[in-house]
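One structure is given here, and the rest of the page talks about it.
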């Protein structure tokens with residue numbers, strides 16, 4: 001039996017947005033247990049949502065899958081997705097006091113059939129390697145625990161043989177020519193495909209946060225603070241790992257928090273989140289250099 | 001009840017499909033083999049519904065549009081008279097829907113980036129759902145041709161290099177025209193010093209003939 005945490009990232013925003021979908025929208029979280037077929041078995045809602053952690057559920061309700069829309073925030077995540085248990089709420093990343101994003105538990109992810117699928121023969125060029133590594137770096141800037149989460153995703157997706165440990169994962173990412181310590185050569189097709197799928201899985205996991213950043217319905221001040229926070233984290237990571245003498249790096253470091261480059265990175269993650277985005281992202285990375 | 005109804009939820013979008021299992025094709029009772037109707041709710045917009053053809057048109061417009069946006073290409077998908085058209089509108093996206101019935105006016109829905117991502121995730125979830133046994137239109141994602149990618153570079157930036165090159169050539173040409181041409185000197189008549197042709201050194205042979 002899988003479990004799923006459903007909640008609202010921003011009560012104010014969701015109160016506005018869900019008025020057309022929910023009967024009684026409330027800024028509460030709901031924890032929903034699903035059976036193996038993805039059908040809803042039972043749900044419980046806490047009286048309050050703590051941004052850091054909560055384990056107590058004071059109210060328990062039973063409902064059918066057709067009533068998912070009546071649970072506050074339940075519309076946010078589909079019932080066919082498997083997400084985290086309550087303990088994983090401790091890993092929630094707070095972007096503000098009123099916002100919390102749940103990190104889905106990777107242990108709940110059922111290994112997909114990615115290993116069984118044929119790996120397309122995708123060899124990335126220099127620009128694509130830069131872009132792929134920058135997207136992974138953006139994931140790390142969105143999730144403080146992103147490095148560990150990537151390792152979890154690697155195991156859950158069945159890529160342990162390709163990236164048995166964090167060093168091997170780091171070595172593949174160092175093929176980015178913009179890195180401070182770069183490696184020559186190209187990624188193999190299998191390694192490329194594995195990195196793309198890991199990135200899409202991570203984007204799927206962080207999708208609520210990506211949605212917050214991209215939504216125009218969010219309060220402007222809050223959005224500005226979020227963009228500023230992400231930009232600062234990405235800037236710190238870039239200064240730590242990239243070659244600062246490169247023009248592309250200097251251009252990014254001199255850009256605004258809501259600049260087009262960072263927005264394009266976040267938008268790319270949002271549009272390539274989940275299994276449906278793998279083909280799109282791969283094709284996009286294989287674009288020729290104009 | 002054979003009727004099945006599946007729902008795909010995101011924060012600002014909800015897609016619901018209704019249908020029946022196609023028992024003649026051997027579908028299970030919890031599958032949809034015949035789509036009877038669908039509804040799409042986008043927060044802040046009217047509810048959309050239609051037949052399977054309309055849903056397929058929506059897929060064939062939204063998913064390629066998102067693919068273009070991933071490459072940074074800003075371009076509309078769909079012709080003017082198509083039932084579904086997605087047009088970039090500043091920082092937003094405008095979904096134009098034209099009904100097949102004459103008495104229904106066209107509808108435009110403005111989507112921000114988050115709503116567009118929600119919409120495409122709903123469509124992805126429907127296409128990947130193994131319970132929906134329908135042959136959706138195939139959408140292949142291929143690398144874009146170079147001419148499409150050139151469009152994402154601003155026109156001024158694209159024209160800067162050829163314009164600078166052309167201006168340099170023109171400036172050099174004008175400068176070259178301004179330079180005075182060297183005066184051609186008419187050939188001076190040479191003094192009439194007739195040079196006698198040298199006698200060939202045939203003394204030895206002549207002497208031989210004389211002999």
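Residue numbers (the numbering used here), protein chains in the order written: chain A, 1 to 290; chain B, 1 to 211. Each residue gets a CB set at the ideal place from its N, CA and C atoms; glycine is no exception. Just so it is clear, the structure is predicted and the values come from calculations on it, not from any experiment.
Span of the beta strand (DSSP E), counted from its first residue to its last, around residue i
i	result
residue 108/B	107-111
residue 101/B	From DSSP, residue 101/B is part of no beta strand (DSSP E); its letter is neither H nor E.
Secondary structure of residue i, DSSP reduced to three states
i	result
residue 35/B	strand
residue 140/A	helix
residue 191/A	helix
residue 284/A	helix
residue 198/A	helix
residue 127/B	helix
residue 146/A	helix
residue 74/B	coil
residue 89/B	strand
residue 186/A	coil
residue 188/B	coil
residue 27/B	coil
residue 273/A	coil
residue 128/A	helix
residue 220/A	helix
residue 203/A	helix
residue 79/B	coil
residue 154/A	helix
residue 289/A	coil
residue 268/A	helix
Distance, residue j Cα to residue i Cα
i	j	result
residue 130/A	residue 183/A	12 Å
residue 140/A	residue 265/A	12 Å
residue 145/A	residue 89/B	36 Å
residue 148/B	residue 40/B	31 Å
residue 16/B	residue 92/B	25 Å
residue 61/B	residue 24/B	31 Å
residue 235/A	residue 253/A	6 Å
residue 53/B	residue 216/A	31 Å
residue 278/A	residue 127/B	14 Å
residue 18/B	residue 12/B	20 Å
residue 258/A	residue 199/A	22 Å
residue 5/B	residue 284/A	34 Å
residue 104/A	residue 205/A	Caution is warranted here: a pLDDT of 41 is assigned to residue 104/A, below 50, making its placement in the model unreliable, and the coordinate value is therefore given only provisionally. So the alpha carbons of these two residues sit roughly 6 Å apart.
residue 209/A	residue 231/A	14 Å
residue 10/B	residue 86/B	20 Å
residue 172/B	residue 157/B	23 Å
residue 113/B	residue 152/A	29 Å
residue 154/A	residue 163/A	7 Å
residue 128/A	residue 58/B	30 Å
residue 276/A	residue 240/A	33 Å
residue 207/A	residue 163/B	44 Å
residue 228/B	residue 274/A	The requested residue 228/B is not part of the displayed model; chain B covers only 1 to 211.
residue 150/B	residue 14/B	36 Å
residue 31/B	residue 123/B	17 Å
residue 125/B	residue 156/A	20 Å
residue 267/A	residue 70/B	8 Å
residue 143/B	residue 192/A	16 Å
For residue i: DSSP bridge partner residues
i	result
residue 84/B	97/B
residue 14/B	9/B, 41/B
residue 20/B	34/B
residue 179/A	242/A
residue 132/B	32/B
residue 4/B	19/B
Partners in chain C for residue i, counting only beta-carbon separations shorter than 7 Å
i	result
residue 71/B	Chain labels in this structure do not include chain C; the protein chains are A and B.
Delimiting residues of the alpha helix (DSSP H) encompassing residue i
i	result
residue 62/B	52-70
residue 45/B	Here residue 45/B belongs to no alpha helix (DSSP H), and DSSP marks it neither H nor E.
residue 176/B	155-178
residue 183/B	That residue, residue 183/B, is in no alpha helix (DSSP H); it is neither H nor E in DSSP.
residue 148/B	146-150
residue 171/A	166-173
residue 143/B	Run containing residue 143/B: none; DSSP gives neither H nor E here.
residue 123/A	Element bounds for residue 123/A: n/a, residue is neither H nor E.
residue 213/A	207-214
Runs of alpha helix (DSSP H) wholly within the stretch 230-265 of chain A (minimum 4 residues, chain order): 247-253
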